[in-house]
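Chemist: Okay, here's the structure, questions in a sec.
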Amino acid sequence: STGIEGTREVVTHPGGAVVLPILDDGRIIFVQQYRYALGHTLLELPAGKVDPGEDPLTTVQRELGEETGFTAQHWTSLGAIYTSPGFCNEKLWLYKAHGLSPMDVHIEDAHELIDVFTLSLSEAHQLIRDGHIVQDLRR
């Protein structure tokens, strides 16, 4: 211990789950939505908050359907990460989904305004290089 005292504020978060949905032709499904905390829209992978007592796989399966209108036959866990451990305890479970098909009935979350896009891997890489997926605010 250094003997230095300080104050820490921690954001408590129930965790989330995100999916990399890959269509049979290799295109990836992205969603675009406005993020109030940033003041602009982001192009993201489908994701959502884990409800209390919910398995993260159940979360991400629900979110894929609500946000994109797709369901998947095959799910692969890609592990988990802590998103901002300096101030938040959010754990984000990562999944890959393939064997995608449109849902018979697409039930959207009425509180979210989301646009759905499909991009090839090379198109996604180009958007990253151009700063359109993650905007570099230092520019």
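Under this note's numbering, the very last position in the sequence shown is 143; numbers go up by exactly one each time. For each residue, glycine too, the CB sits at the ideal point set by N, CA and C.
DSSP state of Ser-126, grouped into three classes?
Modeler: Taking the first residue of the sequence shown as 1, we reach residue 126 at position 122. Ser-126 falls in the helix class under three-state DSSP.
Chemist: Drop a sphere of 10 angstroms on the beta-carbon of Arg-142, count the other beta-carbons inside from all chains shown, and report buried for 16 or more, exposed for fewer.
Modeler: Counted from its first residue, the sequence shown places residue 142 at position 138. Any reading at Arg-142 is ruled out, since the residue's pLDDT is 41, under 50, leaving its predicted position unreliable.
Chemist: Return the chain-ordered ranges of every beta strand (DSSP E) run that is complete within the region 28–97 and spans a minimum of 3 residues.
Modeler: 32–39, 44–48, 51–53, 74–86
Chemist: What does DSSP give as the partner residues of Pro-18 in its beta bridges?
Modeler: The residue you call residue 18 lines up with position 14 of the sequence shown. None, per the DSSP bridge assignment.
Chemist: Inspect the CB distances between the region 30–49 and the region 78–96 and report whether three or more fall short of 8 Å.
Modeler: In short, these stretches do not touch, since the Cβ pair count stays below three.
Chemist: Report the residue from Gly-7, Thr-6, Thr-11 whose alpha carbon sits nearest the alpha carbon of Gly-90.
Modeler: Residue mapping note: residue 90 aligns to position 86 of the sequence shown, counting from 1. Out of Gly-7, Thr-6, Thr-11, Thr-11 has the C-alpha closest to the C-alpha of Gly-90.
Chemist: Indicate the three-state DSSP secondary structure (helix, strand or coil) for Leu-117 in the structure shown.
Modeler: Numbered from its first residue, the sequence shown carries residue 117 at position 113. If DSSP states are grouped into helix, strand and coil, Leu-117 belongs with coil.
Chemist: Under 8 Å between C-beta atoms, does Asn-93 make it to chain B?
Modeler: The chain labelled as chain B is not found in the depicted structure, where only one protein chain is given.
Chemist: Give me the residue from Val-15, Val-22, Pro-18, Ile-132 with the minimum Cα distance to Glu-71.
Modeler: By 1-based counting over the sequence shown, the position of residue 71 is 67. If we check each option's Cα against that of Glu-71, Val-22 comes out closest.
Chemist: Taking buried to mean at least 16 other C-beta atoms within 10 Å of its own C-beta, is Glu-67 buried or exposed?
Modeler: Taking the first residue of the sequence shown as 1, we reach residue 67 at position 63. Flag for Glu-67 reads buried.
Chemist: So, helix, strand or coil for Ile-26, using DSSP?
Modeler: Within the sequence shown, the letter at position 22 stands for residue 26. In the structure shown, Ile-26 sits in a strand (DSSP, three-state: E or B).
Chemist: When we look at the beta-carbon of Asp-140 and count the other beta-carbons within 10 Å, is it buried (16 or more) or exposed?
Modeler: Position 136 of the sequence shown holds residue 140. Because the pLDDT of Asp-140 is 47, which lies under 50, any placement of that residue in the model is unreliable, and the number read from its coordinates should be weighed accordingly. Exposed is the call here.
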